[in-house]
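Student: I'd like to ask some things about the structure below.
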Amino acid sequence: MPTIIDGKKISAEIRQEVKTEVSEIKARGMEPHLAVIIVGSDPGSQVYVRNKHKACEEAGIRSTVIEMPETTTQEQLLAQVEKLNQDKTVHGILVQSPVPKGLSEEKAFESIHPLKDVDCFHPQNVGLLMLGRPRFLPATPAGVIELLVRYNIKISGQYVVIVGRSNIVGKPLAGMLAQKSERGNATVTVCHTGTKGLAYYTKQADIVIAAAGRPGLITGDMLNSNCTVIDVGTNRIPDATKKSGYSLVGDVDFESASKVAANISPVPGGVGLMTIAMLLKNCVMATKLQS
Ligand SMILES: NC(=O)c1ccc[n+]([C@@H]2O[C@H](COP(=O)([O-])OP(=O)(O)OC[C@H]3O[C@@H](n4cnc5c(N)ncnc54)[C@H](OP(=O)(O)O)[C@@H]3O)[C@@H](O)[C@H]2O)c1
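For the sequence shown, the working numbering gives the first residue as 1483, with consecutive numbering after it.
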């Protein structure tokens, strides 16, 4: 049986650590404050925003949710971000993705003040990250690395295969893991839909990180027996047995992969819970940067 990498346990530890740090910051007279802008009524986004709000409150971080209607114009969205940029009581700003069609998410992300960019999506912060001088760490990639570190899974010198090259997961994670740093120093291959023979790469990997958004893409026969598998995938599939009508599954076929891998993270209960915990850490960092 592989070791199951328990995101629930590790994220709870991190949230407790953040809570302690927030108390210390408050004792110095500051109150960390995250403002989240949500435009429109995408049900998935509303759940994410509610979860972030709840997690902030539990950690002692003030959280303000600004709901804007589906009909919001780009100018109105940018004006709202600017208002928060100018607000000295706000330390972190998020624009919940996706924004409704017709609005530019990129322009919204780029309008956030870099010191308040707790998602680490601003080009200045992405640039600093790639240069090995991070201001913030993007939450999901940081959550993946935190799981590896807290489970004492060696990263340095290991061969890591990342499946997926998105701007929010695959690309920053590749940059972070390849960095000459304590939590990096790995040899990294990034696979995508242009990769010929995905299994050729995954079979050689010490660590496979799946972030493709394709249920069951990685199966046990694509892995070697000493590997670690981190499943970032969060896919909703119809499930009539569930009250919600769907189940959450990853990109890894857990049943076959868990017969081969040495360590594996489940979905749910793996990376997903880490993302919010790492966001809370960024809120604390943003508060310190602005004090
Ligand atoms: N746990 C969390 O907190 C969290 C956070 C973010 C995302 N996610 C989940 O992670 C998954 C990926 O999200 P994302 O936003 O990074 O995805 P994305 O923007 O849709 O990108 C998917 C990437 O996977 C690659 N890909 C798709 N199918 C593939 C295949 N059959 N073989 C090889 N590569 C393939 C794509 O290649 P091309 O570039 O060639 O198209 C693309 O680079 C989703 O399930 C998402 O819900 C979870």
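Using N, Cα and C, we set each Cβ at its ideal position, and we do this for glycine too.
Computed from a prediction, not measured in an experiment: that's the story for all the values here.
Going by DSSP, name the residue or residues bridged to H1515.
Tutor: Counting from one through the sequence shown, the residue named residue 1515 turns up at place 33. R1544.
Student: Can you tell me the Cβ-Cβ gap for L1659 and Q1772, rounded? I've got them flagged as a contact below 8 Å.
Tutor: In the sequence shown, the residue the question calls residue 1659 occupies position 177. In the sequence shown, the residue the question calls residue 1772 occupies position 290. No, L1659 and Q1772 are not in contact; Cβ-Cβ is about 29 Å, not under 8 Å.
Student: Just to confirm my understanding: we take P1582, look at its own chain, exclude 5 residues before and 5 after, and list those with CB closer than 7 Å. What are they?
Tutor: Taking the first residue of the sequence shown as position 1, residue 1582 is located at position 100. V1521, G1522, E1552, listed in sequence order.
Student: Hey, quick one: how far does the beta strand (DSSP E) through G1574 stretch, first residue to last?
Tutor: On the sequence shown, residue 1574 is found 92 positions in, with the first residue counted as 1. That run of the beta strand (DSSP E) goes 1574-1577.
Student: For ligand 1, is there a heavy atom less than 7 Å away from the beta-carbon of T1675?
Tutor: As a working mapping, residue 1675 is identified with position 193 in the sequence shown. Indeed, a heavy atom of ligand 1 lies less than 7 Å from the Cβ.
Student: Does the separation of the CB atoms of A1744 and N1708 fall below 8 Å?
Tutor: In the sequence shown, counting from the first residue as 1, residue 1744 sits at position 262. In the sequence shown, counting from the first residue as 1, residue 1708 sits at position 226. Cβ atoms of A1744 and N1708: closer than 8 Å.
Student: Roughly how far, in whole angstroms, is the beta-carbon of P1750 from the beta-carbon of L1730, given that I think they are within contact range, below 8 Å?
Tutor: Here residue 1750 refers to the residue found at position 268 of the sequence shown. Here residue 1730 refers to the residue found at position 248 of the sequence shown. Contact holds; Cβ gap of about 5 Å.
Student: Are the beta-carbon atoms of I1637 and N1667 separated by less than 8 Å?
Tutor: In the sequence shown, the residue the question calls residue 1637 occupies position 155. In the sequence shown, the residue the question calls residue 1667 occupies position 185. Cβ distance < 8 Å, so I1637 and N1667 count as in contact.
Student: As an exercise, report each continuous alpha helix (DSSP H) stretch of at least 4 residues that is fully enclosed by the stretch 1565-1644, in chain order.
Tutor: 1587-1593, 1605-1612, 1621-1632
Student: If you draw a straight line from the alpha carbon of I1650 to that of Y1682, how long is it in whole angstroms?
Tutor: The residue given as residue 1650 occupies position 168 in the sequence shown. The residue given as residue 1682 occupies position 200 in the sequence shown. Going from the Cα of I1650 to the Cα of Y1682 covers about 25 Å.
Student: DSSP three-state label for V1734, please.
Tutor: For the purposes of this step, residue 1734 is taken as residue 252 along the sequence shown, with counting starting at 1. Here V1734 sits in strand by DSSP.
Student: DSSP puts P1720 in a beta bridge; with which residues?
Tutor: Residue 1720 sits at position 238 when you count from the first residue of the sequence shown. Listed as beta-bridge partners of P1720 by DSSP are Y1728.
Student: For a test of the three-state rule: what should DSSP assign to N1533, helix, strand or coil?
Tutor: Stepping through the sequence shown from its first residue, residue 1533 is reached at position 51. Looking at N1533 - three-state DSSP - the assignment turns out to be helix.
Student: For T1671, collect the residues of the same chain with a Cβ closer than 6 Å to its Cβ; drop the 5 residues on either side in sequence, then sort them by chain order.
Tutor: Within the sequence shown, numbered from 1, the residue matching residue 1671 stands at position 189. Only V1643, Y1683 meet the Cβ criterion.
Student: For chain C, is any of its Cβ atoms less than 8 Å away from the one on M1512?
Tutor: Absent from the structure is chain C; it holds one protein chain and no more.
Student: So the candidates are A1722, L1680, K1724; which of them puts its Cα closest to the Cα of L1705?
Tutor: Locating residue 1705 in the sequence shown gives position 223, counting from the first residue. Nearest C-alpha to L1705: L1680.
Student: Using DSSP's beta-bridge definition, name the partner residues of N1745.
Tutor: Translated into positions along the sequence shown, residue 1745 becomes position 263. DSSP lists T1485, T1710 as partners of N1745.
Student: Just grab the DSSP bridge partners of T1701 for me.
Tutor: Position 219 of the sequence shown, counted from the first residue, corresponds to residue 1701. Bridge partners of T1701: none, in fact.
Student: Whole angstroms is fine: what's the gap from K1724's alpha carbon to R1632's?
Tutor: Reading the sequence shown from its first residue, position 242 is the one you call residue 1724. Reading the sequence shown from its first residue, position 150 is the one you call residue 1632. Computed Cα separation, rounded: 33 Å.
Student: Got a sec? Which residues, its chain only, sit under 6 Å from M1550 by beta carbon, not counting five neighbours each side?
Tutor: Your numbering for residue 1550 matches position 68 in the sequence shown. Cβ within range, chain order: V1521.
Student: Would you say the beta carbon of G1574 is closer than 7 Å to some non-hydrogen atom of ligand 1?
Tutor: Numbered from its first residue, the sequence shown carries residue 1574 at position 92. The answer is no for G1574.
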